[in-house]
Every structure is written in structure tokens, then in C-alpha cells.
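The structure appears below as C-alpha cells.
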Amino acid sequence: MFNFALRRFLIAIPTLLIISLVIFMLLEAAPGDPLGDVPLTVPPDVKEKMRAALGLDSAWYVRYFLWMKQFFWVEPLNLVDYVWGTDYAKGMQRVISFQSRQPVMQIIAERVPQTLTVVGMSYLIGVSIALPIGIYSAYRQYSWFDQIGTLVSMIGFSVPTFFSGVVLIIVFAVKLHWFPSIYDTTHRVTDWASFLKQVRQMAMPVMVLSLYNAAQISRFMRSSMLDNLNQDYVRTARAKGLTERVVVLVHVLRNSLIPVVTVIALGVPTIFGGAIITEQVFKVNGLGQQLITSIHSNDLPMVMTLTFIFAILIVTFNLIADLLYGILDPRIRYD
Amino acid sequence: MTDVAAAATKRRAPRNQWWDVWDQFKTHKGALVGLAVFFSILALILIGPWFWTQDPGYVNLRSRNQGFSALHPFGTDQLGRDMLARIMAGGKVSISVGLTAMLLSITLGTTIGVLAGYFKRLENLLMRGTDLFLALPLLPLLLLMVTLFREPLSRTFGPETGIFILIVTAIGATSWMQSARIVRGSVLAVKEAEFVLAARSIGTPPRRMITRHILPNVMSPIMVSATLGIASAIITESALSFLGLGFPPDFPTWGRLLFDAVDAMQLYPARVILPGVMISLTVLSVNYIGDGLRDALDPRIRGR
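For the protein sequence lines, the chains are Y and H, in the order given.
Residues 0 to 334 (numbering that gives the first Met the number 0) make up the first sequence, in order.
Residues 0 to 303 (numbering that gives the first Met the number 0) make up the second sequence, in order.
This is how it looks when you write it as C-alpha cells:
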């Protein structure tokens, strides 16, 4: 197991390095100019100085390695300083946003909670709805419950979140006035009333995302249960005289959860991507919205860092899924 | 027992295996309904404009924001353009983006999958590359590509063709990985079959080996992932348009129509619902077709 884990981990590092290079080169190849919005009346030599101030005058590899150093060395040091109150990173250049001249990580840290509460909550709810539905519709295959479940989950992943979100806004916010249509991120939970308000403003984005997640995961759960229900060991378990409950919920379920758990782990980073759209619909100012604004304003360090963080999420959760599969299914370890 | 089987084979005239696939496909009700819906949508956007001859770009400020009427069955938008005509025009773009992007991604995926599956030397390199692509944050990269390259491309090819090329390439280049993996898996399985050994022993060169023996036998997974690819390409295109990064404003697609209508959704919800329903219906029908196709192409299910 240790060898297996180590091998997977060692593959992840070069993957991340190559991805960072790919993102950097893509930004580099792009013809956009971060100084495109500077008025034409600014004389060329001043513009040249502005470029130098942004660090754009040096060669691409210098900037790439500078970014690497800042991201992998200076920013963690800053985190250490922040947590333990030390000053290792004093005087070191951090990754600075072109747009706001603030450290990129500070902006990201401000926005992570919004994204995490909405995305995390919707994933939890989605998974906890999906598993029972998947189990029951596999157990009663082709029953009316299964048929309806199939239809609903087909609709769930065919209707794009930007449409289901807008429909929910029209129905619940415009017509019924149940929920606010815009997410208020300055809202602080202090007492019961403000907690209720938070729940109400989270209801719609969470509903949209969890429907979408539940649709996919319940399909996986169902087909994985179906694969196992016809196995010989199930017949043996029944022949031994175990109750149906134990057969399904202990023997079959534990075996069918193995692939589903890895699918759930693999799904975490993709929902961060999907949240980009949902955040735009409900005007949640999370990471996704920040990414879109910085793309529009050519804020290269911000875009680079955010995209790379998404990449880290994907690689990490791929690694977690691999390791989980290895732990849960011993046959996988010896490939 | 053998007599019965012999009689059954005698009664049935020899026929193409695709008829068996069609027979199995017909038993999947959802897939049949999906096929019907998809063809009616195609008919609406292809034949519709011959009967509904209003110009989707015709601005008539005196009849803007109208509701449903005989003159404008789906109403008009904020500039008085006919919504029915715009939905037809938008559908044409959305579906052609979906089809072209799917073709591109399936060609890429099949090529890479077949090469990786057939040639042992290339396998490691190609599959590591595929894994790398799978680890890329795709939606952020798509947004990035579309924003960064739209100016130069629309300058060289004109605004419409330029954006079309850009979006199709971006979607195709970020969605081929799944089909490459599936195709590689099937190629690896087919390669071990005895007819391949037989073909090799009579000296078939690799090129003909792939086109004559391997490709026809991995057609089923390719077709299924092609069908599902149309659906995801349409969704991606509308998502890009919805984020304001798709086609230019005077060039309607379903996602763009939805995006334009969101600002006025409190007053004119119908304008949001119509394109959204068109997107969802198309994607839903294509997904059902893919589902039916997967069952129909699976020989383990087909005989039953």
C-alpha cells in the first residue's frame, strides 16, 4: 500500500508542474494586454515604466520561475507567519493582483468561504439524496420508482444549471417571494434570525447544484448496485438465510460503494468548476466570479493562481480517489 | 432444439447487423421519444425558416417586448425582434456548434485512443498526455481560451466565423479525453481477438489493420460517446454564451438568447424560459438517444 501511495504521489508532482507551465504559456501566448485599458494619452515611456512596475518587461521564463517561487515558497511562508505570528516572509514579494494591487492570496482567502459553504453544502446534500435513491431504484429495478428516478436524473443532468437556476429565481424569488434572488455575502450569522436569513439565501443555489450532483451520483450508485446484486455471493448470503435487509444494506451496499466513493471524490473539483456558473447566476461573489472578472480585466497573476488552484484541487482529489480505491479494493493495489 | 434454431435462421433473411441494433433500439421507449423530439427540433430549425420568413435580426422598435400574438407567436424581444425567428436562428448555431465540436472531439479521441491501444510504443506517452488533460481545470481554461483569442480570430476570419472556429476548437480540444480512454480500452480488447491474429498472419499492414479490422469493431463505444458528446458540447457552448463569452450579441444562439433575457427576467420570464427549454429538450433527447444506443449496441443485451 505504501508503495502504491508513493507512486501515485510522485506522479502528481510533475503533472502539477506541467499544468502550471501549460496555463502560463496559454496566458503568455494570448494577445491580450494588461495595459489595454490605459488611455492613449499616456506617453509611451510612462507606459513602459508601468509595464516594468508590473514586472512585464522581463522574459517569460524569469516571470514563470518568479511566480513559482512566490506561489510555492513565499505564500506558504506568509501563511505560516499569519498562523503563528512569525515574520519569515518579511520583505518578500508576494503574488500581487494587477487589478487591485492586493496580494492574490488575500483576495482568494476572502472569497473561499462563500464558495465553500454553497458548494460544500450542495455536494453533501446531493450525495445524501443520491445514495438512497440509487440503492432503492437498483433494488427495485424497472419499478415505477426506478422509472421516475431515471427520468428525474436524466432531467437533472440535461438541464444546465444556468437555466434551472434562472427558473428557480423566477418561481421562488420573483413570483413567490420566498427566497432572495441575490446572495448577500456581507451577511453575518449572529443569532437565530440571521441564521434563517442565511439558510434562505443559500436555499436556491444549493438546490440547483445538489439536484445536478444527485442526478449523476444516483445513476452511478444504481448501476454499481445492479452489478453486485446478481453476483454469486449475494445468492450465497440469501441461501444462508440472512434477512433481505442485511443482504442488501451490508453485503451488497458495501461492495457497490467502492466505485461510488471514488466517483464522489473525483466529482469534488468538477463541482467547483460548475459553481463558476451557479455563482454567476445567483451573484455569489466566490472564487468563480473572481475568476471571470479577472479574465475580463486581464489580471494575469490572479487568473494564473486561481486556475492553478483549480488544477491542484483536481490533482489532489484524483490522488485521493486513487488511494481510496486502493484502500477499499485490495485488488487495485497490485497492478 | 437444433431444428428449431435452424428453422428460425431459415425464416429470417440474411441482413445487416444494424437492423438488429435498430430492433433493440426500438424497444427503448425513452430513446424513441428522444429521437422523435430531436428530429422535430431539427425540423423546426432547418425547415422552419422557410415557412416563418421573418428576419431574426429585423429591429422594430414600435413592437418591442410584446407577448404572444398571432404576428409573433413567441413574442418579441427588447428591440422588437421576433423571438420565434431568433430561436430558429439560434438553434441552427447551437446545434451546428454541438455537432462540429463533437466531430472534432471524437476524431481526436478516436485517433489518440486507437494509436495508444494499437501501438505499444505510443501507449505510455499518449495515455500520460490524456491523464494530464484530464487533470486540467477545463472550464477555467475554456473561459481563458475564448476570452484571450477572440479578438485576433475575429479579426482574421470575421466576427462570426472567427468565434465559431474558436468555440468549436476550444470545446473539441477539451472534451476528447473520455472517448480516447474508452476507445483505447476497446482496442486493447479487440486486439487480442483471433481474427486480428489471423489478419496479421496473412501480413496485413497496420494501416489497413486499423481501418479494416479494429475501427469497425470499436464503432459502438465511439457512437455512444459521440452522441453524448453532442449534448455536452451544446451545454458548454450555451454556458460560454451565458457567461457572456460566446458569440457576439447580434448573432443569436440559445445560450446568448438566455443571457440577453436574464436582465429582464422579472418582467418577461417567457423570454428566458423559451431558449432554456429548447436547450434542455435538445440535450435531454440526445442523452436519451445515447442511452438507447448504448443498450442497443451492447451485444450482451441485444440477443435477449
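All C-beta atoms, glycine included, are put in the ideal place defined by N, C-alpha and C.
- At least one C-beta of chain Y is nearer than 8 angstroms to the C-beta of H:A238.
- Beta-bridge partners assigned by DSSP to H:D81: H:T75.
- The residue from Y:E243, Y:I270, Y:N77 with its alpha-carbon nearest to that of Y:T160 is Y:I270.
- Among the residues of chain Y, those whose CB is under 8 angstroms from the CB of H:S279 are I154, S157, V158, P159, F162, following chain order.
- Where Y:A108 is concerned, the enclosing alpha helix (DSSP H) starts and stops at 103-138.
- H:T281: member of the alpha helix (DSSP H) spanning 268-296, first to last residue.
- C-alpha of H:M277 to C-alpha of Y:I22: approximately 35 angstroms in a straight line.
- A Cβ-Cβ separation of about 7 angstroms places H:G90 in contact with H:I40 under the 8 angstroms criterion.
- Straight through space, the alpha carbons of Y:A4 and Y:G164 are spaced by roughly 40 angstroms.
- Assigned with DSSP and collapsed to three states, Y:I181 falls in coil, not helix or strand.
- Of all residues in the region 172-187 of chain Y, only V173 come within less than 7 angstroms of chain H when Cβ atoms are compared, listed by chain position.
- Note that the C-beta distance between Y:S121 and Y:V205 is below 8 angstroms.
- Under DSSP, Y:I95 forms a beta bridge with Y:P102.
- In terms of CA proximity to H:R207, H:V113 leads the group H:G157, H:D262, H:V113, H:L147.
- As the crow flies, the alpha-carbon of Y:F162 is around 47 angstroms from that of Y:V45.
- DSSP, reduced to helix, strand and coil, places Y:M301 within a helical segment of the structure shown.
- Taking C-beta atoms under 8 angstroms as the contact rule, Y:I294 and H:T173 fail to qualify, at a distance of about 16 angstroms.
- Comparing C-alpha distances from H:E122 to each of H:N15, H:V182, H:L143, H:A84 shows the shortest one belongs to H:V182.
- Among the residues of chain H, those whose CB is under 7 angstroms from the CB of Y:I294 are L142, L143, T146, following chain order.
- Residue H:G29 holds the alpha-carbon nearest to the alpha-carbon of H:L283 among H:N15, H:G29, H:D22.
- In the structure shown, the three-state DSSP call for Y:R187 is coil.
- Interface flag for H:N216 against chain Y is unset, since no Cβ pair is found closer than 8 angstroms.
- Boundaries of the alpha helix (DSSP H) around H:P139: 137-156.
- Setting aside the 5 residues that flank it on each side, H:S185 is surrounded in the same chain by V217, P220, each with a C-beta closer than 6 angstroms to its C-beta; the list follows chain order.
- Per DSSP, Y:Y141 lies in no alpha helix (DSSP H) segment and is marked neither H nor E.
- By the rule that beta-carbons nearer than 8 angstroms mark a contact, H:M264 touches chain Y.
- In the three-state reduction of the DSSP assignment, Y:K239 falls in the coil class, being assigned neither a helical nor a strand state.
- When C-beta distances to chain Y are compared with 8 angstroms, the residues of the region 202-236 of chain H below that value are A230, I234, in chain order.
- The straight-line gap separating the alpha-carbon atoms of Y:L9 and Y:G273 is approximately 29 angstroms.
- Closer than 7 angstroms at the C-beta level to chain Y, one finds these residues of the region 285-298 of chain H: N286, Y287.
- Interface flag for Y:L9 against chain H is unset, since no Cβ pair is found closer than 8 angstroms.
- Interface annotation for the region 182-202 of chain H against chain Y: empty, criterion Cβ-Cβ distance under 8 angstroms.
- With a threshold of 16 other beta carbon atoms within 10 Å, Y:I181 falls short and is exposed.
- Y:V302 reaches chain H at L143, counting residues in chain order whose Cβ is nearer than 7 angstroms.
- The beta carbon of H:F241 falls within 8 angstroms of a beta carbon belonging to chain Y, placing the residue at that interface.
- Across the structure, Y:W83 and Y:R253 are spaced so that their CA atoms are roughly 43 angstroms apart.
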